[in-house]
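Take the sequence shown: its letters are residues 1 to 95, numbered as in the UniProt record's numbering. Data first, discussion second: the structure below is written as structure tokens.
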Amino acid sequence: LEGWVDIMYFVMDAHSFYNFIYFILLIIIGSFFMINLCLVVIATQFSETKQRESQLMKEQRVRFMSNASTLASLSEPGSCYDELLKYLVHIIRKG
């Protein structure tokens with residue numbers, strides 16, 4: 001945006017006094033456009049990061065739930081773990 005004032009004065013001298021309206025609108029609309037462009041980039045990056053982290057959390061939750069269900073099945077009566085303990089106690093008492 002450096003030097004636009006000089007160009008505006010040259011255009012005003014060459015044509016009409018009211019050409020400053022074009023430059024003022026150009027600066028205002030251009031500034032809003034650049035700000036919105038930056039905000040869109042930030043919002044897009046935030047959305048992608050949020051989606052990626054959400055997917056990672058879902059995968060970790062599934063992994064945790066499968067581990068928790070495996071651990072819970074080990075403590076159920078008649079489970080493989082209980083049967084193994086009974087077998088070991090039986091062998092120790094026998095021997």
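Note that CB positions come from ideal geometry on N, CA and C, so glycine has one too.
Return the CA-CA distance between residue i and residue j, expressed in angstroms with no decimal places.
| i | j | result |
| --- | --- | --- |
| Lys58 | Phe64 | 10 Å |
| Tyr9 | Phe33 | 24 Å |
| Leu85 | Phe46 | 52 Å |
| Ile35 | Tyr18 | 27 Å |
| Ile42 | Glu83 | 57 Å |
| Glu48 | Leu56 | 12 Å |
| Ile91 | Tyr81 | 15 Å |
| Ser16 | Glu2 | 22 Å |
Determine the DSSP secondary structure at residue i, reduced to helix, strand or coil.
| i | result |
| --- | --- |
| Gly3 | coil |
| His90 | helix |
| Ser16 | coil |
Could you tell me whether the Cβ atoms of residue i and residue j are closer together than 8 Å?
| i | j | result |
| --- | --- | --- |
| Asn4 | Phe23 | With the sequence shown as reference, residue 4 is identified as Trp, and Asn is not the correct amino acid for it. Closer than 8 Å, so yes. |
CB-CB under 6 Å to residue i, same chain, minus the five flanking residues each way: which ones, in chain order?
| i | result |
| --- | --- |
| Val11 | Asn19 |
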